[in-house]
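Q: Right, I'll just put the structure down here and ask away after.
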Amino acid sequence: MTQRTFLPNRTHVPGTNGSTGQPRRIPHQRRPTVDPALVHRPVAHDVLPTAWRQVADSRFQVDVRWPEEPRLFRPDDGLHSPLIIAETMRQSAILLTHTAFGVPLDHRFVLQDLRYTVGRDFLPVNGATNDVAVEVACSAVRGGRRPTGMHCRVTLRRGTAWAEGEGELGITSPAAYRRIRGERATAELPHQPRPMAPGTVRCATAEQVLLAPPAAENRWQLRVDPHHPDLTNDHFPGILLMEACRQAACAATASEAFHPLVFSVRFLRYAEFSTPCWVEARPQQGSSDVLVTCHQDGEPVFLAHMATEEDPAGR
Numbered sequence: 004m005t006q007r008t009f010l011p012n013r014t015h016v017p018g019t020n021g022s023t024g025q026p027r028r029i030p031h032q033r034r035p036t037v038d039p040a041l042v043h044r045p046v047a048h049d050v051l052p053t054a055w056r057q058v059a060d061s062r063f064q065v066d067v068r069w070p071e072e073p074r075l076f077r078p079d080d081g082l083h084s085p086l087i088i089a090e091t092m093r094q095s096a097i098l099l100t101h102t103a104f105g106v107p108l109d110h111r112f113v114l115q116d117l118r119y120t121v122g123r124d125f126l127p128v129n130g131a132t133n134d135v136a137v138e139v140a141c142s143a144v145r146g147g148r149r150p151t152g153m154h155c156r157v158t159l160r161r162g163t164a165w166a167e168g169e170g171e172l173g174i175t176s177p178a179a180y181r182r183i184r185g186e187r188a189t190a191e192l193p194h195q196p197r198p199m200a201p202g203t204v205r206c207a208t209a210e211q212v213l214l215a216p217p218a219a220e221n222r223w224q225l226r227v228d229p230h231h232p233d234l235t236n237d238h239f240p241g242i243l244l245m246e247a248c249r250q251a252a253c254a255a256t257a258s259e260a261f262h263p264l265v266f267s268v269r270f271l272r273y274a275e276f277s278t279p280c281w282v283e284a285r286p287q288q289g290s291s292d293v294l295v296t297c298h299q300d301g302e303p304v305f306l307a308h309m310a311t312e313e314d315p316a317g318r
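For the sequence shown, my numbering assigns the number 4 to the initial residue and increments by one for each residue that follows.
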């Protein structure tokens, strides 16, 4: 099959057909990244895929290169943050949904659930290639001519090491999104509480911290710096909430470096800007497992499970 990558067109939305707004396919040319619009990233530095190709019906390979100095997921203790696995999965799925399945660029995506399992041998920063091959099997949820959702099973290979995961996205047209969100679609971030000490959650700067000082034991208010690179929606995005989970687990376990090698999360509703979101972490006795939940106005926002030990069963 032909390998594809994408180039911006100055006369219309990058990566689309100018008359229809549909993603267009462009013959293979070697480029450092795909167009940021195709993975819903505003900055090219944060784009991970470099190319993709179809290998069978609903099966694809996405070529990915991890940045040496990522902005979004800080390496720690000589390892990439395991959450770069989740971001790799997210960008690969969104790229294929636009390019292979024809979903317009103005549609909204909602991360519904995601899980991954990875070994420490997949994550070294030094002495390992930053090129990652991502094998993706997609199952589209149809709602007429275009998908209204996508389920993806993913295997990632980096040298001889591998990781695996799966996730599901909901896809919403602009009109449907406006109906669902109403006035919240124009919500702005209110004044945020101060962050907890960066070292407590293994962050380099206060701007990276997503939790306020604890309100009770292992309970924090979600907070975000107004200039955080993930803050591009009218609500707290799923990938940011996953990093908040890691920070909560790190603080709750007083871990020098909490690397979630096993992660599963289910999102139950939007995390809104308007009222406080409360994150709670519960370390499990006798294991490295940590359960993390988030509630807003008394309603659950997400349920997550993490562990720092590899799980061959792939929970």
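Just so it is clear, CB atoms sit at the ideal spot from N, CA and C, and this is done for glycine as well. These numbers were taken from a predicted model, which means no experiment stands behind them.
Using only alpha-carbon positions, find the residue among F125, V65, V58, I87 that is nearest to V37.
A: Nearest C-alpha to V37: V65.
Q: Do you know offhand how far P45's Cα is from N236's?
A: Taking the straight line joining both Cα atoms gives about 12 Å.
Q: Taking only three categories from DSSP, how would you classify A307?
A: Here A307 sits in strand by DSSP.
Q: Which one or two residues does DSSP pair with A219 in a beta bridge?
A: Per DSSP, R222.
Q: Of all the options P127, I174, V157, F270, which has the alpha carbon lying nearest to the alpha carbon of P150?
A: Comparing Cα-Cα distances from P150 to each of P127, I174, V157, F270, the minimum goes to I174.
Q: Based on DSSP bridge pairs, tell me the residues matched to S267.
A: S267 pairs with R118, H308.
Q: Apart from the five residues just before and just after S61, which ones in its own chain have a Cβ nearer than 6 Å to its Cβ?
A: Only C141 meet the Cβ criterion.
Q: In chain order, what residues of the same chain lie with their CB nearer than 7 Å to the CB of P127, ignoring the 5 residues before and after it?
A: G81, L82.
Q: Taking Cβ positions, are V282 and M309 nearer each other than 8 Å?
A: No, Cβ-Cβ distance for V282 and M309 is not below 8 Å.
Q: Would you list the one or two residues that DSSP bridges to C141?
A: Answer by DSSP bridge pairing, in chain order: C155.
Q: By a C-beta neighbour count over all protein chains shown, 10 Å radius and 16 as the cutoff for buried, is S277 buried or exposed?
A: Looking at its Cβ environment, which holds fewer than 16 other Cβ atoms inside 10 Å, S277 is exposed.
Q: From the DSSP output, read off the bridge partner residues of L172.
A: According to DSSP, L172 bridges with L114, M153.
Q: On the premise that L214 lies in contact with R226, defined as a C-beta separation below 8 Å, what is that separation, rounded to the nearest angstrom?
A: That belief holds up - the Cβ atoms of R226 and L214 are roughly 7 Å apart, short of 8 Å.
Q: Would you kindly report the start and end of the unbroken beta strand (DSSP E) that includes H298?
A: It spans 293-299 - the beta strand (DSSP E) in which H298 sits, taken as one unbroken run.
Q: Look up C280 in the DSSP assignment and give the residues it is bridged to.
A: In the DSSP output, where bridge partners are listed per residue, C280 has Q299.
Q: Who are the Cβ neighbours of A247 in its own chain at under 7 Å, not counting the five residues just before and after it?
A: Here the set comprises L213, L214, L225, V282.
Q: First and last residue of the alpha helix (DSSP H) that includes R182?
A: Looking at the DSSP string, the run of the alpha helix (DSSP H) that includes R182 is 177-184.
Q: Between the C-alpha atoms of P73 and G122, what's the straight-line distance to the nearest angstrom?
A: Taking the straight line from one Cα to the other gives about 20 Å.
Q: Might you give, ordered along the chain, the residues of its own chain that have their beta carbon closer than 8 Å to the beta carbon of A254, omitting 5 neighbours on each side?
A: So the list reads M199, T203, V204, L214, P217, N221, W223, A284, once near-sequence residues are dropped.
Q: Output the boundary residues of the alpha helix (DSSP H) element that contains E90.
A: Segment 86-102, the alpha helix (DSSP H) holding E90.
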